[in-house]
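Working notes, beginning with the structure itself.
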Amino acid sequence: MHTELVNDERLTAIGLFAEAYEGLAARFAAQLAEHHLAPIEFEVLMRLARSPDGQLRMTDLSAQTTLTTSGVTRVIDRLNRAIIQSVKASEFNERLAGVGAHAVGSTPGEFADFVKKELASWSKVIKATGIRIE
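Counting in this note's numbering, the sequence shown runs from 54 upward without gaps.
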């Protein structure tokens with residue numbers, strides 16, 4: 054029985070498939086590393102990019118990856134820090150200034166606070182002037 058299992062062509066095919074997958078995954082990971090991106094970060098970004106409106110709840114993203122919900126949070130935090138660092142780079146800001154724009158790097162919490170303050174501020178203006186949507 055054991056000899057039959059070892060000599061089973063289906064098992065050999067699965068083994069070859071696993072070897073090919075591992076080789077491709079290693080080469081892909083090396084290419085991602087050149088861009089300072091881990092394979093799991095790439096997976097998270099791809100799943101977000103393919104989601105409606107580019108958004109997923111953390112629990113849904115966790116269910117679609119090998120990460121726990123707290124693992125997803127850690128990956129998102131790492132990506133956010135990398136984005137903030139890029140946004141603060143002078144070359145990036147010079148390119149934006151060239152088209153009349155500027156970027157502000159912040160955490161999700163800081164952005165939420167900014168939105169709350171802006172809503173409060175503009176709500177007063179809208180009420181004071183009687184602006185209505187037509």
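Beta carbons: idealized from backbone N, C-alpha and C, even for Gly.
Three or more beta-carbon pairs drawn from the stretch 119-136 and the stretch 96-108 are found closer than 8 angstroms, and the two stretches are therefore classed as touching. Across the set ILE137, LYS169, ALA165, ALA173, the C-alpha of ILE137 shows the shortest separation from the C-alpha of ALA156. In the assembly as shown, LEU114 is a buried residue. Its beta-carbon has 16 or more other beta-carbons within 10 Å. Boundaries of the alpha helix (DSSP H) around VAL168: 161-182. For GLY124, the enclosing alpha helix (DSSP H) covers residues 122-140. One alpha carbon belongs to ALA71, the other to ALA91, and they sit about 21 angstroms apart.
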